[in-house]
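For the sequence shown, counting from 1, position 382 maps to 533 in the working numbering; every step adds exactly one.
Contents: one structure, followed by commentary.
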Amino acid sequence: MAADPLIPVPGVIQAPVSTADWNRWQWQMQNQITSVAALVSLRPDLKNHPLIQNEPMDEKTLRLAGLRMGISPWYASLIDAGRVDCPILLQGLPRQAEIQADPFIDPDPLAEELYMPVPDLTHRYPDRVLWYLHHSCAVYCRFCMRRRKVSQPAPAAADQLDSIVQYIRSQPQIQEVILSGGDPLALADSRLEKILSTLFSIPQLISIRIHTRMPVVLPMRITPELCAILRQFFPLNLVTHFNHPQELTAASHIALRCLRQAGVQLFNQSVLLKGINDSLAIQSDLARRLIASGVTPAYLHRADEIPGTAHFHTRLDLGAEIIAGLRGHLPGYAVPRYIVDLPGGGGKVPHEKTYYQGVIAPNHPMDANTPQDKTPAGFGVRRHLFENYEHRQFQIREIELRPNPDVSNNGLH
């Protein structure tokens with residue numbers, strides 16, 4: 152049952168499917184496209200697309216890539232057959248670059264397994280844990296940072312609810328649980344409700360967060376029944392993963408509205424992907440459309456250093472330049488933070504351009520061109536950002552706030 156009137160089967164889809172089935176998320180999951188041949192069968196208009204003609208990936212090659220192909224029929228319907236660089240196709244279609252040698256050799260560069268005190272639970276930051284509910288998604292993104300486990304036939308460990316709850320209770324500093332995977336919303340409603348109910352019964356927890364691409368790749372998953380379940384739990388945060396404006400469809404907008412009306416706070420984190428969304432114009436359009444759909448842009452991630460993904464990587468500074476270009480043209484709440492996940496489990500580090508040479512007071516930036524005699528607060532600042540990406544080191548070398556002897560302290564309050 153869809154949240155609004157049923158979505159007609161798109162004309163580009165050549166499959167014997169009824170409108171009712173097309174709108175059932177279970178049908179979409181059961182009929183996931185797992186080969187290029189199946190994609191062309193569903194979308195004959197893609198047969199001569201250059202990416203499909205030039206990137207033949209048979210089953211053997213896919214096994215070498217380590218991440219099987221998986222695209223929901225809905226997401227496949229969004230592919231623009233007339234665009235060589237269609238962002239939908241580029242995110243879901245396996246390519247030869249995935250099996251070519253690249254500089255990334257660690258399948259778990261964020262050391263998620265290293266910080267796993269109990270099966271399926273990563274505890275890297277003191278106050279939060281990340282729980283891998285299972286390994287299935289509606290679409291297997293070719294840049295996935297968990298391709299070592301997502302889509303693999305081995306399921307997540309047997310029901311770990313009891314052991315995970317026991318661990319959380321034993322660590323009183325934990326205040327947030329992040330549900331991830333795989334996609335948490337690929338679970339049945341009843342299972343998801345049980346998990347949320349159990350977590351919300353733990354007094355020390357102040358926030359539960361769900362990371363999902365369902366509003367992007369399978370908006371019919373956001374049913375009135377699901378929203379009724381989510382409405383029971385407060386506060387509940389949901390992080391979507393829109394990477395391109397083309398993904399923000401009318402159906403996605405309806406799904407997001409349903410979630411907002413259920414009291415769910417919505418955020419978005421996207422990945423900066425070469426040839427897909429690596430421009431100021433695309434990121435600006437994406438941010439505006441997210442805000443119009445009730446979603447706060449939170450993070451723009453640099454693609455993680457996963458084997459088989461080098462072709463998605465941009466130069467390091469590009470994301471910072473894009474974010475700098477957004478400032479002043481979008482309201483502050485619409486500008487995401489550019490984040491780099493440090494290899495080796497170092498965590499998330501914001502990487503941004505420096506906008507000033509001085510500040511007039513703590514947390515009060517002053518334009519570098521402001522004349523010195525117009526500086527009212529009498530403070531100066533020096534900040535040096537040391538970056539050595541070749542050796543995977545990011546650190547703030549110096550942040551120094553000091554009195555500026557050249558400016559009178561008159562007027563300080």
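Idealized CB from N, CA, C, for every residue including glycine.
Measuring alpha carbon to alpha carbon, tell me which of the options ends up nearest residue i.
i: R298; options: N199, G233, R440 and L213; result: L213
i: R488; options: L338, P448, R408 and T349; result: P448
i: N199; options: Q179, D231, I222 and L347; result: D231
i: P167; options: I158, L193 and F255; result: L193
i: Q181; options: R372, L423 and K345; result: R372
i: L343; options: C378, Q317 and I319; result: C378
i: H392; options: L410, R382 and P366; result: P366
i: A471; options: R453, P270 and L493; result: R453
i: G479; options: F463, M220, R279 and L431; result: L431
i: Q311; options: Y283, W178, R219 and V301; result: Y283
i: V422; options: L441, N394 and L410; result: N394
i: S223; options: R466, D236, W173 and D429; result: W173
i: V290; options: E376, T363 and D236; result: T363
i: I359; options: P386, R246, G243 and S314; result: P386
i: T185; options: P245, Q383 and S341; result: P245
i: M208; options: E249, S169, Q183 and L272; result: E249
i: S287; options: R440, Q177 and E263; result: Q177
i: P501; options: D468, Q247 and L202; result: D468
i: D278; options: R234, V301, Y318 and Q324; result: Q324
Using a Cβ-Cβ distance cut-off of 8 Å, determine whether residue i contacts chain B.
i: M371; result: In the structure shown, chain B cannot be found, because there is only a single protein chain.
Checking the sheet assignment: what are the DSSP bridge partners for residue i?
i: P448; result: N419
i: I184; result: I222
i: K499; result: D492
i: V328; result: V280 and I359
i: V160; result: Looking at the DSSP assignment, V160 forms no beta bridge with any residue, so it has no partner.
i: N388; result: R360 and Q416
i: T273; result: L281
i: R411; result: Answer by DSSP bridge pairing: none, since R411 is not bridged.
i: R214; result: Its beta-bridge partners do not exist; DSSP assigns none.
i: C481; result: Inspection of the sequence shows that residue 481 is occupied by Leu rather than by Cys. Looking at the DSSP assignment, L481 forms a beta bridge with R478.
i: R453; result: L423
Residue i lies in the alpha helix (DSSP H); which residues open and close that run?
i: D492; result: Taken as a continuous stretch (DSSP letters only), D492 belongs to no alpha helix (DSSP H), being part of the beta strand (DSSP E) at R488 to L493.
i: Y318; result: L312 to S321
i: G470; result: L467 to L477
i: P201; result: P201 to N205
i: Q165; result: Taken as a continuous stretch (DSSP letters only), Q165 belongs to no alpha helix (DSSP H), as it is neither H nor E.
i: A432; result: L431 to A443
i: T170; result: T170 to W173
Under 8 Å between the Cβ atoms of residue i and residue j?
i: H326; j: L356; result: Before going further, note that residue 326 is Gln rather than His in the sequence given. Taking 8 Å as the Cβ cut-off, Q326 and L356 qualify as a contacting pair.
i: Y226; j: V368; result: yes
i: I473; j: Q420; result: no
i: D196; j: V160; result: no
i: L451; j: I405; result: no
i: V446; j: L481; result: no
i: D455; j: L330; result: no
i: A402; j: I158; result: yes
i: Y346; j: R320; result: Here the sequence assigns Ile to residue 346, which means Tyr is not the residue at that position. Against a cut-off of 8 Å, the Cβ pair of R320 and I346 comes out as no contact.
i: Q258; j: P458; result: One detail in the question is off: residue 258 reads as Pro in this sequence, not Gln. Closer than 8 Å, so yes.
i: L399; j: V415; result: no
i: A485; j: I442; result: yes
i: F255; j: F463; result: no
i: G333; j: H285; result: yes
i: D429; j: I380; result: no
i: C292; j: Q251; result: no
i: V269; j: S228; result: no
i: R440; j: A413; result: no
Checklist entry - Hey, which unbroken runs of the beta strand (DSSP E) at 3 residues or more fall wholly within the region 277-306? => result 279-283
Checklist entry - Whole alpha helix (DSSP H) runs in the region 332-386 with 4 or more residues, listed along the chain? => result 340-351, 365-368 and 375-381
Next on the checklist: Going residue by residue through the region 234-263, where are the continuous alpha helix (DSSP H) segments of at least 4 residues, counting only ones entirely within it?
Outcome noted: 238-243
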